[in-house]
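Here the working numbering = 1-based position in the sequence shown + 153.
Don't be surprised by glycine CBs; every beta carbon is placed ideally from N, CA and C.
No experiment lies behind these values; they were computed from the predicted model shown.
Worksheet: one structure, shown below.
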Amino acid sequence: MRASLLMGICAAAFAVAPAIAADLPIKAPPPAPVPVPLFSWTGFYIGANIGGAWSHSTVTDVFTGTSFSADNSGFIGGGQVGCDYQFAPAWVVGVEGRGAGTSLKTSRPTTVVNLATGATLPAQVNGRNDFLASATARLGYSGAESWLFYARGGAAWANEKIDEAFAPALLGPVDPGTNTTRTGWTVGAGAEWVFAPHWSTTLEYNYYDFGSHGITLVDPRGVTVSGLTLKDTIHTVTVGVNYRF
């Protein structure tokens, strides 16, 4: 009889259990993880840069054929604006314009020849590069989500001031000069790293070549007194920061 009673109790428990379970609250499944959006290089940016510049110049007097070369170094600093487009899926293509002031300058002793008398006079040639600008395209590869490695190339412009001071016997001291904007080309390479939302930093090398260009120097009285041929190249290494919209 005791066994029958136990069996009855167990049967009743099994019969009631589903009803009790049905009344229990159902635990909600854990929320699905929110996907983290992948960074895209596509968009506009504006920024600033600063660094060092090195130039190599060759100056030739068109009348005497004498020439000299000079290597100079200085600072460079300015800004840039551009836009990028990411495709396929890790390649990035873009365009950028930049402008910067430089402290590049040179001063070298030389000689000039009086074409009327043939006399040789000591002179001083001074040159200064005040401004450097470029408009380039760039192609890069984003091997890691927050890094971009790229090469660039395009057109470049430099504003240069040149003068040659000397003292001819009849005219007295003169300092003929000119302010000229030269056009050339540039190539470079660099890396960019996104370190915060909307912010990135760059490390970049650029080479500028302005070829060989004739320059006519005129003294303040308007008399043409000298002619030079200038050939120069410039190297820059800069660090920068960009804000990306």
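Proximity to residue i [Cα-Cα], best of the options
| i | options | result |
| --- | --- | --- |
| Gly205 | Val378, Tyr360 and Ala309 | Tyr360 |
| Asn332 | Asn312, Thr273, Ala243 and Gly341 | Asn312 |
| Thr355 | Phe302, Asn282 and Glu298 | Phe302 |
| Thr217 | Val265, Pro321, Val378 and Arg305 | Val265 |
| Thr334 | Ser287, Val248, His351 and Thr195 | Ser287 |
| Val152 | Thr195, Val278 and Asp224 | Any property of residue 152 remains undetermined from this structure, which presents the chain solely from 154 to 398. |
| Gly325 | Lys314, Arg281, Ser365 and Pro373 | Pro373 |
| Ala241 | Lys258, Gly230, Ser256 and Tyr294 | Tyr294 |
| Leu323 | His388, Leu274 and Thr389 | Leu274 |
| Gly207 | Leu292, Leu370, Lys258 and Phe221 | It is Trp, not Gly, that sits at residue 207 in the sequence shown. The candidate whose alpha carbon is nearest that of Trp207 is Lys258. |
| Trp247 | Ala223, Ala276, Gly254 and Arg291 | Per the sequence shown, the amino acid found at residue 247 is Gly instead of Trp. Among Ala223, Ala276, Gly254 and Arg291, the Cα nearest to that of Gly247 belongs to Arg291. |
| Gly254 | Leu285, Val234, Gln239 and Val347 | Leu285 |
| Ala318 | Tyr198, Glu249, Val371 and Ala272 | Val371 |
| Gly307 | Lys384, Tyr396 and Gly250 | Gly250 |
| Asp316 | Thr369, Ala349, Phe348 and Tyr396 | Thr369 |
| Phe348 | Tyr396, Ala320 and Lys314 | Tyr396 |
| Pro321 | Val234, Ala272 and Ser256 | Ala272 |
| Ser256 | Pro350, Gly343, Ala344 and Asn282 | Asn282 |
Terminal residues of the beta strand (DSSP E) in which residue i lies
| i | result |
| --- | --- |
| Ala400 | Since the first residue of the chain shown is 154 and the last is 398, residue 400 is not available in this structure. |
| Asp283 | Thr273 to Tyr294 |
| Ala344 | Gly330 to Ala349 |
| Val376 | Unbroken run through Val376: none, as it is neither H nor E. |
| Leu301 | Trp300 to Phe319 |
Residue environment, residue i, which counts as buried when at least 16 other CB atoms sit within 10 Å
| i | result |
| --- | --- |
| Ile203 | exposed |
| Ala309 | buried |
| Phe363 | buried |
| Asp226 | Note on identity: in this sequence residue 226 is Ser, with Asp being the wrong assignment. The residue is exposed, with fewer than 16 neighbouring Cβ atoms inside 10 Å. |
| Cys163 | Low confidence applies here, because Cys163 scores a pLDDT of 42, under 50, leaving its location unreliable; read the following figure in that light. Cys163 is exposed by the Cβ-count criterion. |
| Thr391 | buried |
| Ala297 | exposed |
| Gly232 | exposed |
| Trp244 | exposed |
| Trp194 | buried |
| Leu191 | exposed |
| Phe398 | exposed |
| Ser260 | exposed |
| Thr377 | exposed |
| Thr219 | exposed |
| Ile199 | exposed |
| Ala276 | buried |
| Ala170 | In this predicted model, Ala170 has a pLDDT of only 45, less than 50, meaning its place in the structure is not dependable; the value taken from the coordinates is given anyway. When all chains shown are included, Ala170 counts as exposed. |
| Ser379 | buried |
Presumed contact (8 Å Cβ cut-off) between residue i and residue j, rounded CB distance
| i | j | result |
| --- | --- | --- |
| Gly393 | Glu357 | 7 Å |
| Thr263 | Thr382 | Actually they are not in contact, since the Cβ atoms of Thr263 and Thr382 sit about 13 Å apart, beyond 8 Å. |
| Gly367 | Val215 | 7 Å |
| Thr386 | Thr339 | The Cβ separation is near 10 Å, so there is no contact. |
| Cys236 | Gly280 | About 35 Å; that fails the 8 Å criterion. |
| Ile229 | Thr389 | 5 Å |
| Ser210 | Ala223 | 5 Å |
| Gly252 | Arg305 | About 15 Å; that fails the 8 Å criterion. |
| Thr299 | Trp346 | It should be noted that the sequence gives Ser, not Thr, for residue 299. Right, their Cβ atoms sit about 6 Å apart. |
Only counting runs of 3 or more residues, tell me where the beta strand (DSSP E) segments fall wholly within the region 218-258, in order along the chain. As for any beta strand (DSSP E) of minimum length 3 sitting wholly inside the region 218-258, the runs are 220-240 and 244-255, ordered along the chain.
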